[in-house]
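Asks: Please find one structure pasted underneath; my questions will follow.
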Amino acid sequence: VYTVEFQKRGLPHAHILLFLTKANKFPDPSDIDKIISAEIPDETSDPYYYEAVKEHMIHDPCGLARKNSPCMVDGKFSKRFPKPFLELTSVDDEGYPRYRRRDNGRHIEKKGVVVHNGFVVPHNRKLLMKYGAHINVEWCNQSRSIKYLFKYVNKGNDRVTASFYQASGDGEPDKPVDEINMFYDCRYVSSCEAAWRLLGYELQYKKPHVQRLSFHLKGEHYVIFEDDDRIDEVISKPTVNESQFLAWMEANKIYPEARKLTYVEAPSKFVWNKTLREWTPRIRERAIARLRYVPPNAGDNFYLRCLVNVIRGATCHEDYMKVDNVQYSSYRDACHAMGLLGDDREYIDGISEASHWASADSLRRMFATLLVSGSLGRPEHVWETCLDFLSDDITYRQRILFNNESLQLSDADKKNLALAEIEHLLRRRGTSLREYPTMHFPDMTSFTTNTNRLILDELSYDRKALSVEH
């Protein structure tokens with residue numbers, strides 16, 4: 006997956022995410038060292054590599070040496086450079102790598118300042134030597150990286166607010182200014198972006214192709230028409246009773262191979278033809294699919310979504326309510342018969358699935374909503390089962406808060422902090438975790454000073470640097 010974005014100050018740059026095989030999912034430090042380097046190379050044995058790192062992969066000096074550096078915010082290092090020296094690469098319990106940066110005496114002079122390995126941006130030697138450009142390469146073992154990347158796909162164009170006016174030079178008093186009419190909400194297109202689009206280059210790419218599947222309750226499919234279309238003409242069209250979901254049921258009647266697949270597996274073997282509005286056997290490379298997200302409190306739509314993920318060969322809506330040749334009267338009953346709803350399973354699955362694209366903060370909001378609505382039979386069970394998803398960003402948030410990228414939290418600390426976030430959300434809704442006897446209550450005493458922004462700002466200055474300065 007990659008996306009290309011344009012900054013107002015320069016050329017385009019890309020965010021690229023590469024997926025490795027399962028064998029590389031949990032790498033050894035030596036595996037990371039083969040791909041990523043965060044050290045200054047030897048100038049004598051590899052002079053071209055040394056010059057490439059010097060030119061493209063050194064973080065500009067900051068701190069006391071250069072207080073006006075762009076990365077200095079309120080007198081502190083916003084990018085947390087220089088990094089500490091480290092003899093060996095390691096991967097912490099959260100999956101974050103800490104790259105090898107040995108204190109071997111190698112240095113580079115950058116803008117009149119001598120810098121060491123702590124200022125080297127992680128990179129790959131082959132890519133750097135091939136393209137001769139700034140290419141930051143990081144080892145990602147967190148779903149957060151994927152969510153972050155897809156935000157770039159959907160964030161929209163650069164915007165700019167502008168006003169146009171003409172100064173009065175004839176000595177006459179200026180006319181009253183109408184600030185409302187002078188305001189323009191514009192899209193900003195740089196020369197680089199204009200050229201990129203004119204040449205027809207891709208702005209985003211993903212492989213394999215991901216197809217979004219629609220589904221609906223019986224008789225509730227969408228019918229699209231223009232504003233000026235006559236309703237009687239719209240409902241008389243032959244395609245008014247057709248949809249992607251209904252066409253899949255028809256394919257199950259025609260193709261024996263289709264009956265071996267669930268609806269979400271359909272794109273792996275079949276192609277949806279929008280023109281003919283039918284599914285046909287796939288000839289070229291496979292695709293994967295996703296169903297539109299439906300929250301657990303959406304009723305029949307949610308239960309139908311659960312069923313289309315597991316039932317194969319359905320030729321009508323009623324088949325999705327049939328389990329072991331027993332016809333049920335509702336999708337919920339069919340879900341119960343298949344064991345999909347036992348022990349709050351639907352809510353656990355809902356949170357688990359949403360974790361693939363939603364942030365941990367969004368998941369905590371969902372959990373708080375389920376608590377307030379009284380939807381959970383055993384909220385403590387859902388909490389414990391989904392704790393990893395609900396606390397996924399806790400360590401990262403604390404590292405940012407305390408400006409300490411090596412900060413480690415115990416499982417108990419992460420659980421307590423996540424509970425505190427839930428408590429904060431519930432208090433905004435006029436309730437509290439204390440009203441749910443089976444739920445744990447966070448130890449709030451540890452937050453009285455640690456989360457005070459004013460105190461943190463006063464404590465987060467580099468004492469060593471200040472002692473040298475003063």
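Residue numbers for the sequence shown, in the numbering used here: 6 to 475. The C-beta atom is built at its ideal place from N, Cα and C for all residues, glycine as well. What you are looking at is a predicted structure, and each value in this text was computed from that prediction instead of being measured.
Considering Cα atoms alone, identify which of 411, 366, 418 is closest to residue 394.
Replies: Answer by Cα proximity: 366.
Asks: Whether or not the region 227-240 and the region 266-277 are in contact is what I'm after, with contact meaning three or more pairs of Cβ atoms, one per stretch, closer than 8 Å; do they touch?
Replies: Flag = no, the region 266-277 and the region 227-240 do not touch.
Asks: Just list the residues that DSSP pairs residue 424 with in beta bridges.
Replies: Paired residue(s): none; residue 424 is not in a bridge.
Asks: Is there contact between the region 190-210 and the region 243-254, where contact requires at least three CB pairs shorter than 8 Å?
Replies: At 8 Å Cβ cutoff, the stretches do not touch.
Asks: Could you check the C-alpha separation between residue 308 and residue 299 for me, to the nearest Å?
Replies: Near 9 Å, if we compare the C-alpha coordinates of residue 299 and residue 308.
Asks: Exposed or buried, which one is residue 443 when buried takes at least 16 other CB atoms within 10 Å?
Replies: The residue is exposed, with fewer than 16 neighbouring Cβ atoms inside 10 Å.
Asks: What residue range does the alpha helix (DSSP H) around residue 135 cover?
Replies: Per DSSP, residue 135 belongs to the alpha helix (DSSP H) from 130-136.
Asks: Pop quiz: residue 132 and residue 142 are said to be a contact at Cβ under 8 Å. What is the actual Cβ separation, rounded to whole angstroms?
Replies: Yes, they are in contact, since the Cβ atoms of residue 132 and residue 142 sit about 7 Å apart, within 8 Å.
Asks: In the structure shown, what three-state DSSP assignment does residue 21 receive?
Replies: Residue state, collapsed to three classes: strand.
Asks: So what does DSSP say about residue 236, is it helix, strand or coil?
Replies: Correct three-state label for residue 236: helix.
Asks: Whole angstroms are fine: how far does the CA of residue 303 sit from the CA of residue 282?
Replies: Going from the Cα of residue 282 to the Cα of residue 303 covers about 28 Å.
Asks: Hey, which unbroken runs of the alpha helix (DSSP H) at 4 residues or more fall wholly within the region 239-286?
Replies: Runs found: 249-259.
Asks: Counting along the chain, where does the beta strand (DSSP E) carrying residue 295 start and finish?
Replies: Segment 293-296, the beta strand (DSSP E) holding residue 295.
Asks: Confirm, please, whether the CB-CB distance from residue 257 to residue 205 is below 8 Å.
Replies: No.
Asks: Compute the beta-carbon to beta-carbon distance between residue 371 and residue 359, rounded to the nearest angstrom, for a pair I have assumed lies under 8 Å.
Replies: Yes, residue 371 and residue 359 are in contact; Cβ-Cβ is about 7 Å, under 8 Å.
Asks: Starting from residue 202 and walking both ways along the beta strand (DSSP E), at which residues does that stretch end?
Replies: Element bounds for residue 202: not the beta strand (DSSP E) but the alpha helix (DSSP H), 196-203.
Asks: Cα separation between residue 207 and residue 20?
Replies: Cα to Cα, the separation comes out at about 13 Å.
Asks: Residues in its own chain within less than 7 Å of residue 476 by CB, not counting five upstream and five downstream?
Replies: For the chain, the structure presents residues 6 to 475; residue 476 sits outside this window and is missing.
Asks: Within the same chain, show all residues whose beta-carbon is closer than 6 Å to that of residue 316, passing over the 5 residues directly before and after it, in chain order.
Replies: Excluding positions up to five away in sequence, the list reads 325.
Asks: Give the C-beta separation of residue 294 and residue 218 to the nearest angstrom, bearing in mind that I take them to be a contact with Cβ-Cβ under 8 Å.
Replies: That pair is a contact at about 5 Å.
Asks: Are any of the Cβ atoms in chain C nearer than 8 Å to that of residue 386?
Replies: Looking for chain C here will not work: only one protein chain is present.
Asks: In whole angstroms, what separates the C-alpha of residue 114 from that of residue 269?
Replies: Roughly 56 Å between the two C-alpha positions.
Asks: So residue 313 and residue 267 are supposed to be a Cβ contact under 8 Å. How far apart are they, rounded?
Replies: Contact holds; Cβ gap of about 7 Å.
Asks: Where does residue 337 fall in DSSP's three states?
Replies: It is helical.
Asks: For residue 382, count neighbouring C-beta atoms within 10 Å of its own C-beta (all shown protein chains included) and say buried if the count is 16 or more, exposed if not.
Replies: The residue is exposed, with fewer than 16 neighbouring Cβ atoms inside 10 Å.
Asks: Who does residue 216 pair with in a DSSP beta bridge?
Replies: Partner(s): 294.
Asks: Tell me the rounded alpha-carbon separation between residue 446 and residue 424.
Replies: About 7 Å.
Asks: Please report the straight-line C-alpha distance between residue 226 and residue 220, rounded to a whole angstrom.
Replies: One C-alpha to the other measures close to 8 Å.
Asks: Using 8 Å as the threshold, is the C-beta distance between residue 44 and residue 106 below it?
Replies: Closer than 8 Å, so yes.
Asks: On the premise that residue 364 lies in contact with residue 152, defined as a C-beta separation below 8 Å, what is that separation, rounded to the nearest angstrom?
Replies: The Cβ separation is near 6 Å, so the contact holds.
Asks: Could you compute how far the alpha carbon of residue 89 sits from the alpha carbon of residue 272?
Replies: Whole-angstrom Cα-Cα distance: 48 Å.
Asks: Going by DSSP in three states, residue 477 sits in which element: helix, strand or coil?
Replies: Nothing can be reported for residue 477: it is not among the residues displayed for the chain, which extend from 6 to 475.
Asks: Going by C-alpha distance, which of 123, 33, 378 is nearest residue 112?
Replies: The candidate whose alpha carbon is nearest that of residue 112 is 123.
Asks: Let me confirm a value: residue 454 is counted as buried when at least 16 other C-beta atoms fall within 10 Å, else exposed. Which label applies?
Replies: Because the pLDDT at residue 454 is just 45, under 50, the model does not fix this residue reliably, and the point stays unresolved.
Asks: Does residue 403 come out as helix, strand or coil in the three-state DSSP assignment?
Replies: Here residue 403 sits in helix by DSSP.
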